[in-house]
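Just so we're aligned, residue 1417 is where the sequence shown starts under the numbering used here, counting upward by one.
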Amino acid sequence: MWPYILVILIIFILQFKSNNKEKEKCQFYIGVIILFFFAAFRGVSNGDYTAYLKLGKEVDSVHKIFNNNTHMEIGYSILYYFINLFHFPEQSIIIAMNLISLYFVTKFINQYSPNKNLSLLLFLPLYFQFDMHAARTAVAISISTIGITYVLQRHIFKFCIAIFFATLFHSSAAIVLPIYFFMNININLFIGVITILGSMCYVYFVGLDKTVLLIFQKLNLQNFYVRYYHYVNDNDFGYRFSLMDPRLLYCIFIYIISKKVLKKATRIENFFINCSLANVLIMILFSEHTIFACRLSAFYNIYSIILVPIILKKVYISQIRRDGIAAIKSNKEIGLIMAVFFTLYAVSYAYVCFIALGLEYKLFV
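Next comes the structure, spelled out in structure tokens:
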């Protein structure tokens, strides 16, 4: 278990700031490189690791990219085609997907985060859940973050192209399409909280499954009805995501705090706040199936790694304006407390994803 804890501790140590901007930048890239090598050269996982290595071996022609039995999206097949073409070792598919994922996450953090090293710490839960387990989803999530640039520029065609490329690695990336309209929507805190509570009541008393099944029944789509019914009652997908789950409560807390702190939010801040609300609602509405709640919400949860540093920066600035020089020490204490909290949060993810399952870290060789 010590390798997982060691990686988290390294990212925690990187939180101690230097007044030298170049040194801070260097710290950030050291953290990124460590995360890349840790994920890319792993030889064990509780996710799709073995399937990723084996299923693409038959993709040895352009025809097989589009006609194969991998049961995975085309992006995976394209990568494995080039691996087979150049006779690279099978671990190359893991390396390639982690490289793509961390490249776009790094670019995303660089472009929008006011505290890059903190964003890297906040990224760890998603990293453990997807980059270390479901790498295709990790790639899809990271590529989807490109879309925010085109949301800001109001280039809907380029935005759709970005999301299309994300769906090449996992079709669930299509759930990101609504964010194009998030920039100019302003939902006050009261309406947001009522929507969250209303969604909880809907899931508790009705449920998305019943609604979908009813629609299929009314439209006389018997084949879809039977397939969906069997799917949602499958033991692998049928278990619930608790509405008291700490992950959901944490996301609700982040949303409420963001609305309280960022009262005069800029367009980009408002965008991240709306993504935070969408993250909560997706967790709730799809809570009948944990796999859906966690995977789909992750496409919105990724924006929290930027929103939290924005919130803290606003708090720091407000304190300095109010208390002057005396606030600097207070801000450092708040920063340390937050870093410790997010480190413990990352440790809990590492425990659930690896340590509790007895998955000792191993190199692929």
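Glycine residues also receive a C-beta, built at the ideal position from the N, C-alpha and C atoms.
Suppose you measure from the CA of residue i to the CA of residue j; what does that come to, to the nearest Å?
i	j	result
E1440	G1751	15 angstroms
E1738	K1532	Residue identity check: residue 1738 is Arg in the sequence provided, not Glu. Approximately 26 angstroms between the Cα atoms of the pair.
L1584	E1749	44 angstroms
A1709	R1683	27 angstroms
R1663	F1454	24 angstroms
L1723	N1484	41 angstroms
Y1620	L1635	25 angstroms
L1593	S1508	31 angstroms
Y1543	I1557	11 angstroms
V1642	E1704	18 angstroms
Y1566	G1774	43 angstroms
P1530	I1726	6 angstroms
S1674	Y1497	45 angstroms
I1446	L1430	9 angstroms
F1432	E1776	29 angstroms
R1570	Y1716	19 angstroms
M1616	V1628	17 angstroms
For residue i, is the classification buried or exposed, using 16 other Cβ atoms within 10 angstroms of its Cβ as the cut-off for buried?
i	result
L1701	buried
T1561	buried
K1680	exposed
E1438	exposed
S1461	buried
G1608	buried
L1534	buried
E1489	buried
A1772	exposed
Q1638	exposed
G1614	exposed
G1459	exposed
H1586	buried
Y1645	exposed
Q1633	exposed
Taking Cβ positions, are residue i and residue j nearer each other than 9 angstroms?
i	j	result
F1501	T1486	According to the sequence displayed, residue 1501 carries Leu and not Phe. Contact: no.
F1688	L1540	no
F1770	M1513	no
I1668	I1612	yes
L1537	I1672	no
I1601	N1695	no
Y1596	G1623	no
F1457	L1659	no
I1421	A1766	yes
I1516	V1555	yes
So residue i and residue j are supposed to be a Cβ contact under 8 angstroms. How far apart are they, rounded?
i	j	result
L1518	L1451	6 angstroms
T1553	V1448	With a Cβ gap of about 19 angstroms, T1553 and V1448 do not count as contacting.
I1559	F1520	6 angstroms
I1810	I1721	The requested residue 1810 is not part of the displayed model; the chain covers only 1417 to 1781.
F1575	N1690	Not a contact, Cβ separation roughly 15 angstroms.
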